[in-house]
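Colleague: First the structure, then my questions, so here it is.
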Amino acid sequence: MLDKQEQTNEGVDETQEVTKSTEANLNDSVEAEEIPSEDTEDETTDQVVEKIDNQVAEDAEKSEERNAIPMLAYENMELEELVEQLKHLLKEYPVQQLKTNIDSIKNSFNAKFGALLAEKKAAFLAEGGNSIDFQFSSPIKTAYNTLLSEYKNKRDAYYAALEDRLSNNLELRHQIINELKDLIENADPMTMHKSFLELQNRWREIGPVPRSKYNDTWRNYHHHVERFYDLLHLSNDFRDLDFKHNLEEKLKLIARVESLIEHEDVNEAFKELQEIHKTWKEDVGPVSKEHREEVWQKFSDASKKIHDRRHQYFRELRSKYQEVIDKKNEIIAKIAAYDTSKNAKHSDWQKSIKEIEALREEYFNAGKLPYSKSEQVWVKFKDATKKFNKAKNDFYKKEKSVQQENLDKKYALIEIAESVKDSDDWEATTNTVKKIQAEWKQIGHVPRKFSDDVWKKFKAACNHYFDRFHNRQNDLNKEQQAFIDEKKAYLEEVKEIKTATLDEIKEMTQKWRALGDLPRSVRHLESKFNKHMDSLLDGLGMDKEAIELLKFKNLIDGYAAQSDVKKLNSEQLFVKKKVDEFQKEIQQLENNLSFFSNASEDNPMIVKVRKSIEGYKEDMKIWESKLDMIRRLDY
């Protein structure tokens, strides 16, 4: 019977790539904060305010591009999945929000398709093809190109429309500025203020303009707004009331800015500061000349404090990122120096994979980095693991080939097992099944997905045969015991006989043989029977030669009845050896006589030698008869 413990551990797990690029991108950059490239040195208040204004202008232009689309693990997806994701993005999200996701899809698709193309080309060249004749057409690549073209067309259409819209908004703002200039120079004092308020409302309702024009346009507008207030010919009380309201609003904005200086989240504080700057410019009018410089200075100084705090925050963050980079580079160096040259078997590679995996985990746990910092380190990390992965993959590709050969060998053994499982040739089949079981154990691993199946088939066929074999043995054992008991009883019966004629001895021997062959474990009963028959033969008073030959015939007939070929062969060799010994001895004595050719025949020595020769010849005649007797047996 076959137990599960007889089955060798089948199959080799195909390990995943040690480098998980998508996970790296997510873990290394998504949660880590980008450091603005312009935050590199201390700046004046005017420079800080200018920078904030520029950021406000850029945010206004790109307000529709803010990306709220989740970033998936595109680098772990197959080509078909990437195409489906591209189709989904184009269908479900505004085109202006897709750039980051689509760039990631493009990188993954190009890398995977490039690898596929290289594989197909290598196969083409291996079959004897010429490099210049290689062509590869892929429906998935066609679908990808179509979707990518659709994205580019939609993107180009969107930005063309955006450019038109921004230009149109700029034209509308210029128109309001011109109307404001005309109002200052030509308007009726009675309707002047109402017209001004209408212009302000229209200005606020106009959308963003090109960022390059934003600050100049606003300064131009603000300049004429201040001119309007300076030249306002309405009552001073009304103008002062407006100035007072604007002053109150600007002081509130200053208070909001000052409250942000100690805000826990410097980035949130800076975002709110940008909104406040936009409100300051877009929604609140001028104040009286006597307060303008003071109010602006307070606002600018408070803004600079937030900017400086943010700058210090990024300086510290930059130092922290450098520590992370240094630590990651140390780990990369360990991976790059990792030696796999002594890995000769699956267990060696499993150990190496665990060690590299531990270094990989250490790499990701070293800390987060923004994309701008992580990309270069990540490329080095991938390069470092590339050598390991190639060596590992080469090993397992070869292992797969060997495993397939092993699978074929095991299928061949299964075929043999199933072909003999119902055989009744018990001796030959038992040897065959034991032989293929031994061969099975010597065959190495097979692909894991086939391992259990082939083992179950082989085990079932072998167990089927041995179940039949053991059932038969149980039946035989019962029959055999009855037969042994019968022979024992007959042996006890003949042992009581002290004298018998030759015919009676032959009859007893024939009956003993007719009872059947004894199993090896009780063959001693055969010896006891033969010994008793020999004693009865000795009591017949026959000549020596006849008795000797009868005893020998009784012995070899017993061996023949038991089909004991081994003992028959051994007995034949022994008899032949005795004949040869007698021949040599006779020849030697006859040679000795030749030295005494001149001696008389009655010489005592001559007489003795001749007597010895005659004795040897008589004995040899008996052994020759034995040899002839055993040779005539059909066994």
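In the working numbering, the protein residues as written are -13 to 621. All C-beta atoms, glycine included, are put in the ideal place defined by N, C-alpha and C.
For residue 43 and residue 200, I'd like the C-alpha separation in whole angstroms.
Modeller: Annotation note: pLDDT 48 at residue 43 (below 50); position unreliable, coordinate value reported separately. Going from the Cα of residue 43 to the Cα of residue 200 covers about 6 Å.
Colleague: Check whether the stretch 513 to 522 touches the stretch 547 to 567, taking contact to mean three or more Cβ pairs, one atom from each stretch, closer than 8 Å.
Modeller: They do not touch, by the three-pair rule.
Colleague: Over what stretch of residues does the alpha helix (DSSP H) that includes residue 351 continue unbroken?
Modeller: 332 to 351
Colleague: Could you check what DSSP says for residue 467 in three-state terms: helix, strand or coil?
Modeller: helix
Colleague: Which runs of the alpha helix (DSSP H) spanning at least 4 residues fall entirely within the stretch 57 to 107, listed in chain order?
Modeller: 65 to 78
Colleague: Candidates 602, 414 and 406: which alpha carbon is nearest residue 450's?
Modeller: Residue 450 has its Cα closest to that of 406, out of 602, 414 and 406.
Colleague: Contact defined as beta carbons within less than 8 Å: I believe residue 214 pairs with residue 273. What is the distance between those atoms, to the nearest angstrom?
Modeller: Not confirmed; about 13 Å, so no contact.
Colleague: In terms of residue numbering, what span does the alpha helix (DSSP H) encompassing residue 387 cover?
Modeller: 357 to 406
Colleague: Hey, is residue 498's beta-carbon within less than 8 Å of any beta-carbon in chain C?
Modeller: Absence of chain C from the displayed structure is noted, only one protein chain being present.
Colleague: Do residue 367 and residue 318 have their beta-carbon atoms positioned less than 8 Å apart in this structure?
Modeller: yes
Colleague: Starting from residue 354, trace the alpha helix (DSSP H) in both directions and tell me its first and last residue.
Modeller: Element bounds for residue 354: n/a, residue is neither H nor E.
Colleague: Measure from the alpha carbon of residue 480 to the alpha carbon of each residue in 435, 517 and 88, then state which is nearest.
Modeller: 517
Colleague: Would you call the stretch 546 to 559 and the stretch 494 to 505 in contact, with 3 or more CB pairs under 8 Å?
Modeller: Taking 8 Å as the limit for Cβ pairs, the verdict is that the stretch 494 to 505 does touch the stretch 546 to 559.
Colleague: Do you know how far the Cα of residue 206 is from the Cα of residue 73?
Modeller: Between the alpha carbons of residue 73 and residue 206 lies a gap of roughly 46 Å.
Colleague: Might you give, ordered along the chain, the residues of its own chain that have their beta carbon closer than 8 Å to the beta carbon of residue 374, omitting 5 neighbours on each side?
Modeller: 4, 321, 324, 326, 338 and 342
Colleague: How many whole angstroms separate the CB atoms of residue 533 and residue 557, which I take to be in contact at a CB cut-off of 8 Å?
Modeller: So it is not a contact: roughly 18 Å between Cβ atoms.
Colleague: Looking at C-alpha atoms only, which residue of 258, 416, 95 and 473 is the closest neighbour of residue 625?
Modeller: Limits of the chain in this structure are -13 at one end and 621 at the other, which puts residue 625 out of reach.
Colleague: Answer yes or no: the CB of residue 431 versus the heavy atoms of the ligand MG, is any distance below 7 Å?
Modeller: Ligands displayed in this structure: none; no statement on the ligand MG is therefore possible.
Colleague: Is the beta carbon of residue 460 less than 8 Å from the beta carbon of residue 495?
Modeller: no
Colleague: Does DSSP classify residue 226 as helix, strand or coil?
Modeller: helix
Colleague: In terms of residue numbering, what span does the alpha helix (DSSP H) encompassing residue 523 cover?
Modeller: For residue 523, the enclosing alpha helix (DSSP H) begins and ends at 510 to 524.
Colleague: Could you give the DSSP three-state label for residue 615: helix, strand or coil?
Modeller: helix
Colleague: Going by DSSP, what residue range makes up the alpha helix (DSSP H) through residue 214?
Modeller: 197 to 216
Colleague: Taking the alpha carbon of residue 353 as the reference point, which residue from 116, 302, 182 and 306 has its own alpha carbon closest?
Modeller: 306
Colleague: Please classify residue 487: does DSSP put it in a helix, a strand, or coil?
Modeller: coil
Colleague: Among the residues of its own chain, which have a CB less than 8 Å from the CB of residue 192, if the five just before and after it don't count?
Modeller: 155, 158, 159 and 162
Colleague: Using 10 angstroms around the beta-carbon of residue 485, count the other beta-carbons present and answer buried if the total reaches 16, otherwise exposed.
Modeller: Under this definition residue 485 is an exposed residue.
Colleague: Roughly how far, in whole angstroms, is the beta-carbon of residue 634 from the beta-carbon of residue 239, given that I think they are within contact range, below 8 Å?
Modeller: The structure shown does not extend to residue 634, since the chain spans only -13 to 621, so no value can be given for it.
Colleague: To the nearest angstrom, how far is the alpha carbon of residue 440 from that of residue 404?
Modeller: 12 Å
Colleague: I'd like to know whether the C-beta atoms of residue 57 and residue 94 end up nearer to each other than 8 Å.
Modeller: no
Colleague: Out of 172, 414, 69 and 217, point me to the one whose CA is closest to residue 137's CA.
Modeller: 69
Colleague: With a threshold of 8 Å, are at least 3 pairs of Cβ atoms found where one atom belongs to the stretch 602 to 609 and the other to the stretch 572 to 580?
Modeller: Segment contact: the stretch 602 to 609 against the stretch 572 to 580, three or more CB-CB distances shorter than 8 Å; contact assigned.
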